[in-house]
Amino acid sequence: MSVEILMPALSPTMEEGTLSKWLVKEGDKVVSGDLIAEIETDKATMEVESVEDGTIGKLLVLEGEEYIKVNAPIAILLFDGDSLPLKLPSKEKKEDEINVQVVSSNKLKEVDLEVNVEFKNEVPPIIKENKSIKKLKRIFSSPLARRIAKLKNIDLTSVLGSGPNGRILKIDIESLSDNNNLKIENSLNINDNFEIVKNTTMRKTIAERLVKSKNEAPHFYLSLDCNIDKLLEIRASINSKSNNDFKISVNDIIIKTVSASLIKVPKANASWENENTKYFKNTDISVAVAINGGLITPIVRDVQSKGLMSISLEMKNLSTKAKEGKLLPEEYVGGSFSISNLGMFGIKEFSAVINPPQGAILAVGAGEQRPVVIDGQISIATIMTVTLSCDHRVVDGAVGAEFLSAFKEYIENPALMLL
Amino acid sequence: MNKNYFDLIVIGGGPGGYVAAIRAAQLGLSVTLIEDKHLGGICLNWGCIPTKALLRASEIKHLLDNVSDFGFSVSNVQMDINKITKRSRDVAAQLSSGIKHLLKKNKVNVIDGFAYLDKKENEKKNVIVKLKNKDETLKLSSKNIIIATGARSRNLPFVSSDAINIWDYKTAMTPPKLPSSLVIIGSGAIGMEFASFYSDLGVKVTVVEALNSILPNEDDDISQIVASNFRKRNVDIKVNATLQSVSSNSNQVISEILSNGKTETINSEKLILAIGIIANTEKIGLENYNIKLDRGHIVTDQWLETSEKGIYAIGDVTQGPWLAHKASHEATLCVEKIVGLDNLHPIDKTSIPGCTYCRPQVASIGLTEKAAKANKIDIKIGKFPFVGNGKAIALGDSEGLIKTIFNKNTGELIGAHMVGPEVTELIQGFSIAKKLETTEYELMHTIFPHPTLSEAMHESVLDAYDQAIHY
Chain A
45 MSVEILMPAL
55 SPTMEEGTLS
65 KWLVKEGDKV
75 VSGDLIAEIE
85 TDKATMEVES
95 VEDGTIGKLL
105 VLEGEEYIKV
115 NAPIAILLFD
125 GDSLPLKLPS
135 KEKKEDEINV
145 QVVSSNKLKE
155 VDLEVNVEFK
165 NEVPPIIKEN
175 KSIKKLKRIF
185 SSPLARRIAK
195 LKNIDLTSVL
205 GSGPNGRILK
215 IDIESLSDNN
225 NLKIENSLNI
235 NDNFEIVKNT
245 TMRKTIAERL
255 VKSKNEAPHF
265 YLSLDCNIDK
275 LLEIRASINS
285 KSNNDFKISV
295 NDIIIKTVSA
305 SLIKVPKANA
315 SWENENTKYF
325 KNTDISVAVA
335 INGGLITPIV
345 RDVQSKGLMS
355 ISLEMKNLST
365 KAKEGKLLPE
375 EYVGGSFSIS
385 NLGMFGIKEF
395 SAVINPPQGA
405 ILAVGAGEQR
415 PVVIDGQISI
425 ATIMTVTLSC
435 DHRVVDGAVG
445 AEFLSAFKEY
455 IENPALMLL
Chain B
37 MNKNYFDLIV
47 IGGGPGGYVA
57 AIRAAQLGLS
67 VTLIEDKHLG
77 GICLNWGCIP
87 TKALLRASEI
97 KHLLDNVSDF
107 GFSVSNVQMD
117 INKITKRSRD
127 VAAQLSSGIK
137 HLLKKNKVNV
147 IDGFAYLDKK
157 ENEKKNVIVK
167 LKNKDETLKL
177 SSKNIIIATG
187 ARSRNLPFVS
197 SDAINIWDYK
207 TAMTPPKLPS
217 SLVIIGSGAI
227 GMEFASFYSD
237 LGVKVTVVEA
247 LNSILPNEDD
257 DISQIVASNF
267 RKRNVDIKVN
277 ATLQSVSSNS
287 NQVISEILSN
297 GKTETINSEK
307 LILAIGIIAN
317 TEKIGLENYN
327 IKLDRGHIVT
337 DQWLETSEKG
347 IYAIGDVTQG
357 PWLAHKASHE
367 ATLCVEKIVG
377 LDNLHPIDKT
387 SIPGCTYCRP
397 QVASIGLTEK
407 AAKANKIDIK
417 IGKFPFVGNG
427 KAIALGDSEG
437 LIKTIFNKNT
447 GELIGAHMVG
457 PEVTELIQGF
467 SIAKKLETTE
477 YELMHTIFPH
487 PTLSEAMHES
497 VLDAYDQAIH
507 Y
């Protein structure tokens with residue numbers, strides 16, 4: 045029998061690393077606890093121990109090899125008297141076993157070509173993913189850190205530990221949660237001309253994700269003006285019947301409209317996963333919310349099956365929790381499509397950075413009265429400019445355009461959403 | 037490279053300095069350590085270690101005084117104070133030579149002499165060493181210098197130790213003969229250890245403390261138990277009492293003590309000054325650099341660097357608490373920071389245990405009840421007296437208490453305070469608990485061996501959550 049030695053995760057956030065040095069060679073006998081390799085991440089160099097007794101059968105990666113995915117096999121350990129297995133494992137990361145119906149990228153191209161011609165009838169196969177499966181990676185943390193994290197509703201997977209082997213300590217949780225004190229506590233250097241503030245984990249995460257998005261996702265942008273006079277009328281009439289029990293905002297209607305448009309154009313409800321493209325059946329809409337020290341995108345799930353009132357209440361609740369830093373991971377991790385609305389700041393139009401791995405984000409500007417030409421006559425209407433940023437790997441120009449025109453149709457004629 | 041250039045120069049060979057030198061050598065630095073008097077510093081030569089040897093003797097005396105409790109009768113017990121002090125000196129000497137060996141083994145270059153900082157040249161800092169017993173000086177240089185020159189006992193403006201009637205710790209550790217009576221000024225760890233030693237050897241002792249309780253850094257419950265124990269042993273304890281004046285002649289010391297608005301005169305054969313320490317910052321060339329002091333002690337940042345880049349200070353010469361184990365820990369932290377190791381954390385002052393080896397022993401870590409309340413921490417308190425502990429009763433030593441303080445919301449161990457048998461050996465259990473950041477849950481679910489004194493630690497934790505079994 046033999047076992048594969050896998051690339052370890054040196055910290056909860058590590059995804060890949062460099063094998064900087066082999067400390068054993070093929071044929072070496074090792075006992076549990078022997079050091080076998082040095083692994084380097086952008087943060088640290090650490091040694092890997094063997095967890096079993098045996099003989100190093102095969103080194104699967106070269107010394108100095110970079111970008112080795114966590115959990116990819118790096119060596120084969122043989123138990124006494126064994127020989128190498130005939131088929132060596134590939135160096136690819138071992139995916140968790142998930143129930144997927146895989147679409148090969150070749151096949152997808154064919155489908156794409158087809159749909160370009162006649163996209164109305166053809167919907168690419170949807171990949172189903174079993175939601176209950178999570179990666180079971182051990183997170184080292186102190187009991188006190190776990191207790192405080194639980195009290196404060198902080199997800200340990202999002203915390204960088206400063207203890208040995210990335211162990212999360214009380215201080216790591218506290219430096220995360222004292223948002224109010226952040227600026228003072230993390231001020232490394234204050235002088236008259238500038239102030240240096242240590243980047244919080246949230247800032248670093250935002251930076252990392254946005255850089256990844258802009259580097260990896262080929263963005264293109266589509267803009268459209270929408271007349272929202274009817275929408276405003278309907279909103280006013282709904283709210284006039286509310287007895288102050290609820291108050292539907294324009295944003296709530298936009299969430300509903302995006303959902304309806306995605307249902308109509310499911311190809312825009314997709315994300316890029318290298319080997320596969322994932323098409324979502326539900327519309328889980330991520331909505332960007334500005335919070336102290338950054339932003340977060342809580343998710344209104346299954347919008348297609350919800351009415352405006354429940355969307356509105358849910359959004360209000362999520363946004364309050366976001367501002368208090370009390371969102372649970374399942375409330376902001378995932379989502380199929382994002383909305384970023386800067387209309388309340390009077391921004392006319394802007395283009396947003398895609399929230400990876402999603403395929404598109406809709407940037408919503410302010411509704412303002414503008415002169416418009418209708419039937420050769422200049423008149424005044426409330427116009428809202430929206431800009432769709434698409435990841436061209438997933439959403440082609442025609443799909444994006446189709447989505448936006450569906451959006452325009454619905455938002456200008458909200459009654460159509462009743463159909 | 038110049039043979040007088042080192043990666044690190046350490047000034048002072050006490051528990052801060054020698055640990056820094058060895059750790060630096062382990063990490064591959066070239067290190068020179070300069071010591072003026074004795075390797076091991078005050079701790080090993082005139083502090084922690086020799087006093088423990090003395091207290092062992094007084095503890096044996098206490099057992100001899102009470103052998104009948106255990107079914108023995110002995111007669112004609114003889115005591116020779118010179119033999120007791122000689123044993124204490126032998127212990128210190130044995131350990132000091134051990135340090136010399138350790139430094140040699142780690143290839144630390146050790147120089148006997150007095151070092152001071154000379155002016156900076158470029159990025160290099162220079163240290164001049166006046167060699168011991170030679171009329172010669174050496175000039176060394178380094179990018180990194182650790183000052184670990186320690187401290188000495190403090191005198192009062194109107195009275196200084198004269199090593200005859202007014203004793204400092206050195207004389208108190210090597211008395212030519214036992215005095216009949218003794219006044220001890222100051223009831224910190226040093227004062228109380230001498231009070232315990234001399235009173236157990238039969239000396240009439242009076243302790244004078246300016247604050248409102250003895251061992252003023254300890255939790256009030258602990259101080260009270262110690263005070264009542266000493267009073268039962270006929271030690272006179274005066275709190276809120278300050279020494280006004282001292283005069284001495286050939287056979288007695290006359291102390292004027294002001295307490296509660298009244299002045300009282302105490303006659304005693306000798307007097308010990310145990311009122312704290314002052315840092316050794318003189319003549320070491322601090323004036324050549326921008327090094328800030330606060331009340332005589334060198335100010336450092338959390339990584340032990342002074343206000344001058346590349347110059348560090350550790351141990352008693354810096355800010356308190358002034359404890360050998362804090363100095364040693366600062367030493368390794370400082371060196372590891374210089375080398376740039378990962379995952380370092382500054383010292384958390386609430387995780388430094390403190391021990392006093394008087395009888396009964398006292399040990400504590402973290403915040404007292406009063407300090408926790410002053411910090412507005414919502415707390416839960418557990419108390420367990422040793423009278424409920426089988427092992428303590430079997431030992432015939434069941435006076436004492438273990439008090440634990442938890443954060444009510446998070447279960448964090450905020451403080452642990454102990455008085456009683458061998459508590460100085462027990463406290464490390466709570467130190468580890470604090471370092472690993474356990475909550476009450478892990479402590480409650482830890483299996484403590486039976487029968488041991490440590491069960492009282494467990495019970496105290498259980499009591500904080502109203503689950504104590506044996507009380």
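Chains as they are written, first to last, in this note's numbering: chain A, 45 to 463; chain B, 37 to 507.
For each residue, glycine too, the CB sits at the ideal point set by N, CA and C.
- Closer than 9 Å to the CB of residue 214/A there is at least one CB belonging to chain B.
- Rounded to whole angstroms, the separation of the alpha carbons of residue 73/A and residue 188/B is 56 Å.
- Nearest to residue 344/B by C-alpha distance, out of 483/B, 182/B and 308/B, is 182/B.
- Apart from sequence neighbours up to five positions away, the residues of its chain that approach residue 375/A with a beta-carbon distance below 6 Å are 342, ordered along the chain.
- Contact residues of the stretch 442 to 465 of chain B toward chain A are 445, 446, 447 and 448 (C-beta to C-beta distance below 8 Å).
- The alpha-carbon separation between residue 362/A and residue 372/A amounts to approximately 10 Å.
- A Cβ-Cβ distance of about 5 Å is found for the pair residue 416/B and residue 500/B, placing them in contact under the 8 Å criterion.
- Under the Cβ distance rule, residue 477/B counts among the residues neighbouring chain A, one pair being separated by less than 9 Å.
- When 8 Å is used as the limit between beta carbons, residue 474/B is near these residues of chain A: 186, 187 and 188, in chain order.
- One Cα belongs to residue 196/B, the other to residue 226/B, and the distance between them is close to 17 Å.
- Contact between the stretch 377 to 384 of chain A and the stretch 403 to 419 of chain A is present, with at least three C-beta pairs closer than 8 Å.
- Around the beta carbon of residue 395/B, 16 or more other beta carbons lie within 10 angstroms, which makes this residue buried.
- Pairing residue 272/A with residue 427/A gives a Cβ-Cβ distance under 9 Å.
- Runs of the alpha helix (DSSP H) lying entirely within the stretch 333 to 378 of chain B, each at least 4 residues long, are 360 to 375 in chain order.
- The contact set of residue 381/B on chain A, defined by CB atoms closer than 9 Å, consists of 206, 207, 213 and 215 in chain order.
- About 6 Å separates the beta carbons of residue 255/B and residue 439/B, which is inside the 8 Å limit, making them a contact pair.
- For residue 277/B, the three-state secondary structure derived from DSSP is strand.
- Excluding five sequence positions before and after residue 86/B, the CB atoms of its chain that fall closer than 7 Å to its own CB belong to 124, 125, 127, 128 and 209, given in chain order.
- Straight across, the Cα-Cα distance linking residue 424/A with residue 269/A is about 14 Å.
- Secondary structure within the stretch 414 to 457 of chain A: the alpha helix (DSSP H) runs of 4 or more consecutive residues, fully enclosed, are 441 to 456 (chain order).
- Distances from the alpha-carbon of residue 506/B to those of 324/B, 476/B, 423/B and 288/B put 423/B closest.
- With respect to chain B, the C-beta atom of residue 100/A has no partner C-beta closer than 9 Å.
- Between residue 48/B and residue 351/B, the C-beta gap is smaller than 9 Å, which places the two residues in contact.
- In its chain, beyond the 5 residues on either side, 315, 333, 334, 335, 336, 340 and 366 have a beta carbon closer than 8 Å to the beta carbon of residue 354/B.
- Taking 9 Å as the CB threshold, residue 298/A stays off the interface with chain B.
- Within the DSSP bridge table, the entry for residue 412/A names 427/A as partners.
- With distances taken between CA atoms, residue 276/B lies nearest to 251/B out of 251/B, 266/B and 283/B.
- In this structure, residue 231/B lies away from residue 289/B, with their beta-carbon atoms at least 9 Å apart.
- Taking C-alpha positions only, residue 89/B is separated from residue 391/B by approximately 15 Å.
- Under the DSSP assignment, residue 189/A falls in the alpha helix (DSSP H) whose first and last residues are 187 to 195.
- For residue 297/A, the enclosing alpha helix (DSSP H) covers residues 294 to 308.
- A residue is called buried when at least 16 other Cβ atoms come within 10 angstroms of its Cβ; residue 362/B meets this threshold and is buried.
- Taking a Cβ-Cβ cut-off of 7 Å, the neighbours of residue 191/A in chain B comprise 446, 447 and 475, given in sequence order.
- Beta-bridge partners of residue 121/A (DSSP): 47/A and 100/A.
- Residue state for residue 402/A is assigned as strand, using DSSP reduced to three classes.
- Among the CB atoms of chain B, none fall inside 9 Å of the CB of residue 220/A.
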